[in-house]
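Q:
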Amino acid sequence: MTLRIPRLAQALLAIAVVYGGLKLVFDVALGQPIPASLLTMYMFFVVAGVFMVFTFTEESTRELVAPIRALVEDPRRRRLRNLVFVVLPLAAAGATYARLQPRFEAPVELRSIHPAPPASVKIYGKRFDLLKLENPYRKFEKEDPKRFRELVAEGAKVYVENCHFCHGDKLDGRGPFAEGLNPTPMNFQDVGTIAQLQESFLFWRIATGGPGLPAEAAPWISSMPVWQQFLSEDEIWKVILFLYDYTGHRPRAWEEKHAAD
4 MTLRIPRLAQ
14 ALLAIAVVYG
24 GLKLVFDVAL
34 GQPIPASLLT
44 MYMFFVVAGV
54 FMVFTFTEES
64 TRELVAPIRA
74 LVEDPRRRRL
84 RNLVFVVLPL
94 AAAGATYARL
104 QPRFEAPVEL
114 RSIHPAPPAS
124 VKIYGKRFDL
134 LKLENPYRKF
144 EKEDPKRFRE
154 LVAEGAKVYV
164 ENCHFCHGDK
174 LDGRGPFAEG
184 LNPTPMNFQD
194 VGTIAQLQES
204 FLFWRIATGG
214 PGLPAEAAPW
224 ISSMPVWQQF
234 LSEDEIWKVI
244 LFLYDYTGHR
254 PRAWEEKHAA
264 D
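Read in our numbering, the sequence shown has 261 at position 258, and its numbers run on one by one without any break.
1) How many angstroms separate the CA atom of S123 from the CA atom of D237?
2) Rounded to the nearest angstrom, what separates G183 and V20 at their Cα positions?
3) Ignoring anything shorter than 4 residues or poking outside the stretch 29–103, list the alpha helix (DSSP H) runs there in chain order.
4) In whole angstroms, give me the CA-to-CA distance for K145 and R152.
5) Can you tell me whether DSSP reads K173 as helix, strand or coil?
6) Within 10 angstroms of the Cβ of Y247, are there 16 or more other Cβ atoms? Answer buried if so, exposed if not.
7) According to DSSP, is I8 helix, strand or coil?
8) Any chance you could list the alpha helix (DSSP H) runs of at least 4 consecutive residues sitting entirely within the stretch 125–175, in chain order?
9) Using C-beta distances below 8 Å, list every residue in its chain close to T250, excluding the 5 sequence neighbours before and after it, in chain order.
10) Would you mind giving the Cβ-Cβ distance between K26 and Y140, rounded to the nearest angstrom? I have them listed as a contact below 8 Å.
11) Given this structure, state the Cα-to-Cα distance separating V68 from G97, to the nearest angstrom.
12) Spatial neighbours of P105 within its chain, please: CB distance less than 7 Å, with the 5 preceding and 5 following residues excluded, ordered by chain position.
13) Do you know whose CA, among R208, A156, W207 and S226, lies nearest P186's CA?
14) Using three-state DSSP, classify S203 as helix, strand or coil.
So this is what it looks like as structure tokens:
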């Protein structure tokens, strides 16, 4: 006795085989995950092509839809029909909900996370040489630890009042406003962010914000306000102390950068 696979099952099996083949070729053979948008486009044409083949004649069309008609019309399959009509909407709702969840991974768009700062910049009406600029409060870390802790606490207060809405109370870029921003705010806990930078870089980026980014290497995408319009110079330096202290990172010194280069 030969086992005959229903036409609908054959169609679904053909679609599954093509889908698995695409994933296998890209993920395993080529070692490059296929982009979701490209996979969706491929599968659209695959599904359309499969059903065109399986509905080429009236007879094949009847065979294809027979299981569906039986499920809908046969009174003996009432329980199965009710189960299917419950499971399918729930599955669709679950898939939609999963797609709508916010994601915090790095944006796909090709952009530089750490743009090259200018050699000098005008902030607070003064010209700063970023190649030589240092945090005036960093020296207290060794000279007066008690005073240094006070400065860090003052920086923490400024951060909570102004910065945590985007960068989060844990400095992980997951503040209450983060979901409305694209790309999401910088995660200071990541070793690829402030741990790779000098304090002068942070001073420049915070003070000048998104509008202060250089135009020659666009597109820059940043929702950072121009904080020199809202915070004093001292407040920005204190916030920088807090960022490094809380995350446990050390700011890079110019000597370290030149040695690495």
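A virtual CB, placed ideally from N, CA and C, is assigned to each residue, including glycine.
A: Reading it off the structure:
1) 19 Å
2) 39 Å
3) 39–57, 61–76 and 81–103
4) 11 Å
5) coil
6) buried
7) coil
8) 143–146, 148–165 and 167–170
9) L174, F191, Q192, I197 and A198
10) The pair is not a contact, with the Cβ atoms about 54 Å apart (cut-off 8 Å).
11) 26 Å
12) E182
13) S226
14) helix
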